[in-house]
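The listed protein sequences derive, respectively, from chains C and G. Numbering-wise (our numbering), the first sequence opens with residue 52 and increments by one. Numbering-wise (our numbering), the second sequence opens with residue -17 and increments by one. Working notes for the structure below.
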Amino acid sequence: MISPHDYLGKKDRDHMKIKAKYLLHTDLSPDDLAKFSLSGLDLLMEDSQNGEPIKAGIFLFKDPPSCYKSLSSWRTHESTALLPAFVAVDQSNTLYDPVLDSLADNCDDLIVFPTINIRLMTGELNTIHSSFHSDNEHIKSETSRLLFFLASRNRPVIEPRKCLTSKSGWEWPLAKALLNVEHAGEESKVLEVMVEAGMLAKRTKELVVACPKCGNARIGTTKVCSSCKSSVIRQTNIVHHYSCGGVFPEEEGWTKEGLRCTKCHRKLVHIGVDYERPAKVDVCVNCGQTNESFAYEAYCLACEERFSLQSAASLHISEYSLEKDDIEIKRLLNGQVDYDDETFYLDPKAFQIVLNAEKKLASRNQADFCVLKLKLNRDAGPIQGEALVERLINKLRGSDIVSRLSTDTIATLLRHVSIEEAKKCLTRLKAELVNYDFDKILIEHYPVIENEDIPRILEWKV
Amino acid sequence: MEGLISAVFYVLRFANDLLHYFKETLAVIFMASPLEILKATWPIFLIDVPRFTLTAWYSAYRHFFDTRSKVSKEKFRQKLLREQPLVTVVVPAFNEGENLFATISSLKAQTYPNVEIIIANDSSTDDTAKICELLKGENIRVVHAQIRQGKAFGHNIGLLLSKGKYIVVCDGDTVFHRDAIMEILLPFMDPEVKGVAGNVKVRNPYDSFITRMQALEYLLSIELGRRFSSHVDILWIISGAFGAFDANTVKKIGGWEVSPGEDKDITTSLRKMGFKVAFTPDAICYTEAPRTIGGLVRQRLRWSRSLLLLGVRKHGDLLIRSFFWQDKKLKNIMSAWDIIAYNILFGSGAILVLILITIFAPNLLLTVFLIMALIYPVVDLLNMIVVFALSKDKKAVLSLLPYVAIAWLYVGIFLKVIMIFAWLDEYFFRSSYHDPYVPLAVRERKPRWGEKDPYAELQALPEYEN
Chain C
52 MISPHDYLGK KDRDHMKIKA KYLLHTDLSP DDLAKFSLSG LDLLMEDSQN GEPIKAGIFL
112 FKDPPSCYKS LSSWRTHEST ALLPAFVAVD QSNTLYDPVL DSLADNCDDL IVFPTINIRL
172 MTGELNTIHS SFHSDNEHIK SETSRLLFFL ASRNRPVIEP RKCLTSKSGW EWPLAKALLN
232 VEHAGEESKV LEVMVEAGML AKRTKELVVA CPKCGNARIG TTKVCSSCKS SVIRQTNIVH
292 HYSCGGVFPE EEGWTKEGLR CTKCHRKLVH IGVDYERPAK VDVCVNCGQT NESFAYEAYC
352 LACEERFSLQ SAASLHISEY SLEKDDIEIK RLLNGQVDYD DETFYLDPKA FQIVLNAEKK
412 LASRNQADFC VLKLKLNRDA GPIQGEALVE RLINKLRGSD IVSRLSTDTI ATLLRHVSIE
472 EAKKCLTRLK AELVNYDFDK ILIEHYPVIE NEDIPRILEW KV
Chain G
-17 MEGLISAVFY VLRFANDLLH YFKETLAVIF MASPLEILKA TWPIFLIDVP RFTLTAWYSA
43 YRHFFDTRSK VSKEKFRQKL LREQPLVTVV VPAFNEGENL FATISSLKAQ TYPNVEIIIA
103 NDSSTDDTAK ICELLKGENI RVVHAQIRQG KAFGHNIGLL LSKGKYIVVC DGDTVFHRDA
163 IMEILLPFMD PEVKGVAGNV KVRNPYDSFI TRMQALEYLL SIELGRRFSS HVDILWIISG
223 AFGAFDANTV KKIGGWEVSP GEDKDITTSL RKMGFKVAFT PDAICYTEAP RTIGGLVRQR
283 LRWSRSLLLL GVRKHGDLLI RSFFWQDKKL KNIMSAWDII AYNILFGSGA ILVLILITIF
343 APNLLLTVFL IMALIYPVVD LLNMIVVFAL SKDKKAVLSL LPYVAIAWLY VGIFLKVIMI
403 FAWLDEYFFR SSYHDPYVPL AVRERKPRWG EKDPYAELQA LPEYEN
């Protein structure tokens, strides 16, 4: 079990704290409950929530199926889907459900998104996750756990940390805990899979040297002689005798009578007086080669392969973050744009931001989308427009977005919808739309083609 | 028959008239009779003109007609390319940050394949150390001296670390022609040759008037003069800017002397051991020449002082022994005396004569100047024609032709005056021992030739523990 302190970091304390409570779900008796150190926590019992803002959930159960049922309900409800959940079953600290967070020492260290942001993020994550095609159900469940954890924190970065036991010399503690890997460093493979699937973004933090044969980054280095490859090298001082200009290694000059010049065989008085030691050179003990510098060679501690540093392999040690490659969504999630939390209605400015974001995501997600522009007759008036907006909100999916661009123009963003499907959608809405007086209805289809954000526009007749 | 006799008389009379006319013209122009002119300028006609012209013609003759040595050289070239003996190039660098990269680049681009380079950074205060680290590579080693030791130390430590059969020395600002190393090895085909001088040219001839004059001087004295000296085996210097040696022989000598003029010293040492020293005009390198008069004067003062310092003080035995014919190597005697006689005695004498004429026969001064202004440019022009025929860089030779007219003023008077001043300075004040060319810490502690070793008593002690 790991502590969030390990991966949330200690440097960023300027996080947003909301005054919310911990929702306690439990089947334990008060006596059993008292064994958990819950004092100091602002607790709210499950049946007395009444719309109060929730920070996290605490699940303390004796019966595992009941715990799982309660957790499932917690995870499927939009307002709590991405909130942390701390679970203890059977009065132990064992993590029970795969989609769980670890037990924290101090729950106040966890930063949680405001609930109004969660709906958009949930839709986004579902979209990302549904496009992740993997035959490995275990990986799918592990990755979803990681995604939800990242999404519920204000620091969605999986940072590497040095590790002596890992093959690469690094580990990702957060991913290691949430992905349930056995050996340190294996979590990086799953993270790379998630990057390829487009769930996570990565940024190289360190470049390490590794063995070209086995890829192990635990290597040692040594100096070797360029001629005999021996690593037994000794450094020696060079003596310069001023009188005769003799230059020789110091150890060659030592005799029983003291230091003598090897050229003129005179005794040397003292350094700085009649001679100097201005330079050092390396001497190979094996072959006697006198060289100023030798080559550095590396050896792998795992497979004992010897290689030069020039031929070493390179390992990129990356930090991983939630794939949010559009700044507009980031701004949206940081609350820079206002929108109503009860409907998916956005003001025109927000709608344009989301539209730009969707264009960028279209090629990445390989999913096109359409924007329906319903232009009412000018004489229809603002009331008709408001009524139409409400109708659309009720009829459309939760992931679709409606916005009133002007008095007489309403736009609807339909995600993952081709032009044919948009036509079908409008056909289904025909019963609603016939009651309104439209100037024209346009379908703007944004296909999945890179570098093309010019929509194909089709006019639809009611 | 009568017609023939009258034709002969006619020619003789014409020749007499011409001679008479010539004598009168000379008397008018030079304000002196031919005999007086000859008395004042005989060294020019009897020593200088033959020395410069005959040597140039002989060099041209050897270049164009000596096919046997060319064949031998080609065979040796093939042998070198087949065996590829290692050549160690030692580059002593003191504050050569601006030039070192170009030097090493030109060495790396050499056509000779097996070259290792040792850069001896002599405690430089600029970026030389950083540049050395960047240049370090497979065949390039760097030694950093923490305390400045001088150029001789750089050469000697390069010799200590060298693994090559041949050792090439150069300056930190020397840039090499791509065949320079290959060409400088060719004279070693003669097993008696243990040292070879390269052809040093000026890298910056167009920087100033002074550099142009130096470029011209190098062409005449090195390209032409050393060719002849090498042909007759009296070459007396392998320039420190570019020279090659047999590594084992240099190790036996003990390396380079810590003093100004270490290049002349090692050449003389080689000759004393009985070996030959050669010059190869095809091993071309370029070196920076002083741009200002002040820089030039300082350089030539150092060179001239070392001539006296080493030629007379250290290797004076070579001069003295010759009187008793103990040294059987006549060429070594000729080499030693050539420098002393021509440079010191004749050079000083020429200036002294000019001074005497000025004092005692001022009417002849103009005459002598006119003679010199007529004769020397003609001789130099003829020599430049020979250089043009022999040199590979003909464009450079042509560009310096206009300066031939005044070269005699630079070489014959300006440089000779500096030489005399240097010799007097060295003889009376021993200024070479204070030359900053050798770092202060070293020159203060190095015993001078002829002086008692301050630590002689120490040597007598049976045991001395440091």
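Backbone N, C-alpha and C fix where the C-beta goes; we use that ideal spot for every residue, glycine too.
So with CB distances below 9 Å, who are the chain G contacts of residue i?
i, result
"Lys274(C)", "Going along chain G, no residue has its Cβ under 9 Å from Lys274(C), so there is no contact; the nearest lies around 14 Å."
"Pro399(C)", "Ordered by position in chain G, no residue passes the 9 Å Cβ test against Pro399(C), which lies about 59 Å from the chain."
"Lys280(C)", "Under the 9 Å cutoff, chain G gives no residues; its nearest Cβ is about 15 Å from Lys280(C)."
Nearest to residue i by CA position, among the options, is which residue?
i, options, result
"Glu437(C)", "Asp451(C), Phe420(C) and Ala462(C)", "Ala462(C)"
"Ser80(C)", "Phe112(C), Leu443(C), Thr478(C) and Ser469(C)", "Phe112(C)"
"His76(C)", "Lys240(C), Ala107(C) and Lys307(C)", "Ala107(C)"
"Glu238(C)", "Ser369(C), Ser277(C) and Gly323(C)", "Ser369(C)"
"Lys410(C)", "Thr216(C), Val332(C), Glu495(C) and Lys227(C)", "Glu495(C)"
"Cys267(G)", "Ser221(G), Ile101(G) and Asp(-1)(G)", "Ser221(G)"
"Phe370(G)", "Leu202(G), Leu397(G), Pro421(G) and Phe342(G)", "Leu202(G)"
"His321(C)", "Leu352(C), Asn428(C), Ala482(C) and Glu301(C)", "Glu301(C)"
"Pro263(C)", "His292(C), Cys354(C), Lys314(C) and Arg311(C)", "Cys354(C)"
"Ser381(G)", "Gly394(G), Val393(G) and Leu363(G)", "Leu363(G)"
"Pro169(G)", "Ser15(G), Leu82(G) and Ala226(G)", "Ala226(G)"
"Lys318(C)", "His291(C), Val334(C) and Ser365(C)", "His291(C)"
"Pro25(G)", "Pro95(G), Lys428(G), Lys376(G) and Leu327(G)", "Leu327(G)"
Do residue i and residue j have their CB atoms nearer than 8 Å?
i, j, result
"Gly132(G)", "Asp104(G)", "yes"
"Val182(G)", "Tyr200(G)", "yes"
"Ala75(G)", "Ala330(C)", "no"
"Arg287(G)", "Ser87(G)", "no"
"Val150(G)", "Thr70(G)", "yes"
"Pro242(G)", "Tyr419(G)", "yes"
"Ile357(G)", "Val31(G)", "yes"
"Ile439(C)", "Tyr487(C)", "It is Leu, not Ile, that sits at residue 439(C) in the sequence shown. Yes. Within cutoff."
"Ala162(G)", "Ala318(G)", "no"
"Thr524(C)", "Glu348(C)", "Residue 524(C) cannot be examined here, being either before or after the span of chain C that is shown, 52 to 513."
"Asn186(G)", "Glu270(G)", "yes"
"Glu510(C)", "Lys481(C)", "no"
"Lys246(G)", "Ile219(G)", "yes"
Taking residue i as the query, report the chain G residues whose CB atoms sit under 7 Å from its CB, ordered along the chain.
i, result
"Val523(C)", "Coverage of chain C is limited to positions 52 through 513, which leaves residue 523(C) absent and any answer about it impossible."
"His291(C)", "Gln131 and Phe135"
Could you name the residues of chain G that residue i contacts, counting a contact when the two beta carbons are closer than 8 Å?
i, result
"Gly339(C)", "Neighbours of Gly339(C) on chain G: none; closest Cβ ~11 Å, over 8 Å."
"Gly297(C)", "Asn138, Gly236 and Gly237"
At the 8 Å Cβ level, is residue i part of the contact set with chain C, yes or no?
i, result
"Gly154(G)", "no"
"Gln66(G)", "no"
"His416(G)", "no"
"Ala371(G)", "no"
"Val125(G)", "yes"
"Leu82(G)", "no"
Quick test of your reading: residue i and residue j, contact by CB under 8 Å. State the CB separation rounded to the nearest angstrom.
i, j, result
"Ile353(G)", "Ile402(G)", "In fact, because the Cβ distance is near 21 Å, the residues do not count as touching under 8 Å."
"Ser454(C)", "Phe489(C)", "Contact flag wrong, Cβ pair sits at about 17 Å."
"Ile209(C)", "Trp221(C)", "That belief does not hold up - the Cβ atoms of Ile209(C) and Trp221(C) are roughly 12 Å apart, past 8 Å."
"Leu493(C)", "Ile508(C)", "6 Å"
"Leu352(C)", "Gly271(C)", "6 Å"
Please tell me whether residue i has its Cβ less than 8 Å away from any Cβ of chain G.
i, result
"Val332(C)", "yes"
"Asp377(C)", "Because Asp377(C) sits at a pLDDT of 39, beneath the cut-off of 50, its placement in the model cannot be relied upon, and the following sentence gives the value as read from the coordinates. It does not; no Cβ of chain G falls within 8 Å."
"Lys314(C)", "yes"
"Glu495(C)", "no"
Which bits of chain C does residue i rub up against, with CB to CB less than 8 Å?
i, result
"Ala318(G)", "In chain order: nothing, as chain C lies at least about 22 Å away."
"Gln128(G)", "Pro329 and Ala330"
"Val386(G)", "By Cβ distance, chain C contributes nothing, its closest Cβ being about 41 Å from Val386(G), past 8 Å."
What does residue i reach in chain C if we use C-beta pairs closer than 9 Å?
i, result
"Ala111(G)", "Per Cβ cutoff of 9 Å: no residues; Ala111(G) is ~12 Å from chain C at best."
Interface residues of chain C around residue i at Cβ under 7 Å?
i, result
"Val424(G)", "Tyr293"
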